[in-house]
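Residues 2 to 312 in this note's numbering are what the sequence shown lists, from first letter to last.
Where is the CB? At the ideal position from N, CA and C, for every residue including glycine.
Just so it is clear, the structure is predicted and the values come from calculations on it, not from any experiment.
Report on one structure; see the data block that follows.
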Amino acid sequence: MNGKSLADEVKSMRQQKALALDVTRVEARKSVLPKPPLLSSHQAGWENMSLEYHVQPEYESPEHYASHYTLAIRLKSQSGLERWLGDCHRTENCIRGDVAVIPPQVTHKIYSPQESEFIALCLDSEFVSNIAGESVDPDILEIIPHFSKPDPLIYQIGLALKTALESDGPASRLYAESMATALSAHLLQHYSAPKHKLREYQGGLPKYKLQRVIEFIIDNLADNLLLASMAQEVSISQYHFARLFKQSTGLSPYQYVIHCRIERAKILLLQSQLKISEIASQVGFADQSQFTRHFKRLLGVTPKEIRSSRK
2 MNGKSLADEV
12 KSMRQQKALA
22 LDVTRVEARK
32 SVLPKPPLLS
42 SHQAGWENMS
52 LEYHVQPEYE
62 SPEHYASHYT
72 LAIRLKSQSG
82 LERWLGDCHR
92 TENCIRGDVA
102 VIPPQVTHKI
112 YSPQESEFIA
122 LCLDSEFVSN
132 IAGESVDPDI
142 LEIIPHFSKP
152 DPLIYQIGLA
162 LKTALESDGP
172 ASRLYAESMA
182 TALSAHLLQH
192 YSAPKHKLRE
202 YQGGLPKYKL
212 QRVIEFIIDN
222 LADNLLLASM
232 AQEVSISQYH
242 FARLFKQSTG
252 LSPYQYVIHC
262 RIERAKILLL
272 QSQLKISEIA
282 SQVGFADQSQ
292 FTRHFKRLLG
302 VTPKEIRSSR
312 K
C-alpha cells in the first residue's frame, strides 16, 4: 500500500465512499440505472431478500454501494462489460448464468457497452450474519467481493424466484424466505474467507491485488494451490508475493490457505450431510488424517466433535 499508515488507508476508504451513492433504499437505485426494473418483488412483501429483473440499454453507472449483499445474475451473454469492485477493476466477458457478488459497503461501478439482461438479488446483511452465527463466528469470517463467474446454484435459484414472483406474486413470500436461507448458506460456504485486519506497516500488497488473490484462493480451495499460481495471479515474483502477502494479512500464503480450508470445512460440517472424508477432499486436503490434524490444531476440536455439536 505504498507506505500508507492505517490512518491514511482508512481516510482514503472513507473519502472514496463519501463520493459514492448509497443505493440501499429502492428509490435511490433509480439514479444508477437508465430504466426501472421490468419486475420487482418490492410490492410482494418479501422479507430478508428482494429481486429485480432488468433489461437495460448501454449505460455507465455512478459509483455506488449498499448495506445489503447484491448478487448480479447474468441472463444474457455479454462481452466487454467493465466492472469496478472497490479498488479492483476487471473487463468481464459474461455468459448466461454468471454471477457477481457485491458485499455490503463495497463500492461498485459498471459500464455496459451493450444491452444487458440480469437479475439483481439483494440479501439483508443482518439476516446473513444471523445464518453465519448459527454455524460459524461472523466476527472472524467475511464474504468477499467476486467478479462474475459461473454459479449454477445461484443462477437456478434466481430463475426460480423470478418465476415464482411472476406467477404467484405475494404468495411467493414463503418460498422467497426459504431461498434466502439457502443463498446465505451458499455464500458462506463458497464466498467467505477469514477476516484480515488492516495493519500499520510499510509495503504490503496493494488492496486491489490482495482482494484479487484472496478471491483466487477462495475459488480454488479444492485444487493444489501453489505459491507460483497465486503470485502469477497478481503478476509478482514468488519471493516478493510471499513477503508482501504476509505483511498484508499477518499470515503466510500457506497459512492463509489452511485457514480458509478449515473455515469452509467447519461450515460444511455444520450445514451439510457430506462425510468427513468428502469434506476433506472438497476443501483441498490430501486425506482425512491431514484434514483432522490441521482442524484440531487450529480449532482445538476434531471434525467429528464439531459435527456432533449441531445435534
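_Start-to-end residues for the beta strand (DSSP E) that takes in His90_ = The residue you call residue 90 lines up with position 89 of the sequence shown. Counting along the chain, the beta strand (DSSP E) containing His90 begins and ends at Cys89 to Cys95.
*For Arg157, count neighbouring Cβ atoms within 10 angstroms of its own Cβ and tell me buried if that reaches 16, exposed if not.*
Position 156 of the sequence shown holds residue 157. The sequence given here places Gln at residue 157; Arg does not occur at that position. So Gln157 ends up on the exposed side.
*Thinking C-alpha only, which one of Tyr112, Arg84, Trp85 and Glu178 is nearest Leu52?*
Taking the sequence shown and counting its residues from 1, one reaches residue 52 at position 51. Selected option, being the one with the closest Cα: Glu178.
*When burial is assigned at 16 or more other CB atoms within 10 Å of the CB, is Pro304 buried or exposed?*
Walking along the sequence shown from the start, residue 304 turns up at place 303. It counts as buried.
*Output the boundary residues of the alpha helix (DSSP H) element that contains Tyr70.*
Along the sequence shown, one-based indexing puts residue 70 at 69. Note, Tyr70: premise wrong, no alpha helix (DSSP H); beta strand (DSSP E) at Tyr70 to Arg75.
*asked:* For Ala8, which residues in the same chain have their Cβ closer than 7 Å to its Cβ, ignoring the five residues on either side in sequence?
replied: For this step, residue 8 is matched to residue 7 along the sequence shown. Reliability of the predicted coordinates at Ala8 is poor, the pLDDT of 46 falling under 50, and the value obtained from them is presented with this limitation in mind. Close CB contacts of Ala8 within its chain, under the 7 Å cut and outside five residues either way in sequence, are absent.
*If you draw a straight line from the C-alpha of Ala133 to the C-alpha of Ala186, how long is it?*
If you number the sequence shown from 1, residue 133 lands on position 132. If you number the sequence shown from 1, residue 186 lands on position 185. C-alpha separation (whole angstroms): 8 Å.
*Measuring CB to CB, does Ser130 end up less than 9 Å from His69?*
Residue mapping note: residue 130 aligns to position 129 of the sequence shown, counting from 1. Residue mapping note: residue 69 aligns to position 68 of the sequence shown, counting from 1. No, these two residues do not count as a Cβ contact at 9 Å.
*Going by other Cβ atoms of all chains shown within 10 Å of its Cβ, with 16 needed for buried, is Thr164 buried or exposed?*
On the sequence shown, position 163 is the one that residue 164 refers to. Label assigned to Thr164: exposed.
*asked:* In the DSSP assignment, the beta strand (DSSP E) including Ile103 goes from what residue to what residue?
replied: One-based indexing of the sequence shown puts residue 103 at position 102. Counting along the chain, the unbroken beta strand (DSSP E) around Ile103 starts and ends at Asp99 to Ile103.
*Which residue spans inside the stretch 267 to 296 form an unbroken alpha helix (DSSP H) run of at least 4?*
277 to 283
*For Ala29, does the three-state DSSP call read helix, strand or coil?*
Looking up residue 29 in the sequence shown gives position 28. Three-state DSSP puts Ala29 in a helix.
*Minimum C-alpha distance to His109 - residue among Leu300, Pro63, Glu93 and Gly251*: Here residue 109 corresponds to residue number 108 of the sequence shown, with the count starting at 1. Out of Leu300, Pro63, Glu93 and Gly251, Pro63 has the C-alpha closest to the C-alpha of His109.
_Beta-carbon proximity check, Gln57 vs Ser149, cutoff 9 Å_ = Numbered from 1 along the sequence shown, position 56 holds the residue referred to as residue 57. Numbered from 1 along the sequence shown, position 148 holds the residue referred to as residue 149. No, these two residues do not count as a Cβ contact at 9 Å.
*Is the beta carbon of His90 less than 9 Å from the beta carbon of Asp152?*
Locating residue 90 in the sequence shown gives position 89, counting from the first residue. Locating residue 152 in the sequence shown gives position 151, counting from the first residue. Against a cut-off of 9 Å, the Cβ pair of Asp152 and His90 comes out as no contact.
*Excluding five sequence neighbours on each side, which residues of the same chain lie with their C-beta closer than 8 Å to the C-beta of Gln239?*
By one-based count along the sequence shown, residue 239 stands at place 238. Contacts found: Leu228, Ala229 and Ala232.
*Between the C-alpha atoms of Tyr332 and Ala29, what's the straight-line distance to the nearest angstrom?*
In the structure as shown, the chain starts at 2 and stops at 312, and residue 332 therefore has no counterpart that could be examined.
*If you draw a straight line from the alpha carbon of Ala281 to that of Thr293, how long is it in whole angstroms?*
Along the sequence shown, read from residue 1 onward, the residue named residue 281 stands at position 280. Along the sequence shown, read from residue 1 onward, the residue named residue 293 stands at position 292. Cα to Cα, the separation comes out at about 8 Å.
*asked:* Looking at the secondary structure, which residues open and close the beta strand (DSSP E) in which Pro153 lies?
replied: Position 152 of the sequence shown holds residue 153. Premise fails: Pro153 lies in the alpha helix (DSSP H), Pro153 to Asp169, not in any beta strand (DSSP E).
*Ordered along the chain, which non-local residues of its own chain (more than five positions away) have a Cβ less than 8 Å from that of Arg308?*
For the purposes of this step, residue 308 is identified with residue 307 of the sequence shown, where counting begins at 1. Here the set comprises Leu270, Leu271 and Ile277.
*Which residue spans inside the stretch 169 to 226 form an unbroken alpha helix (DSSP H) run of at least 4?*
174 to 191 and 208 to 220
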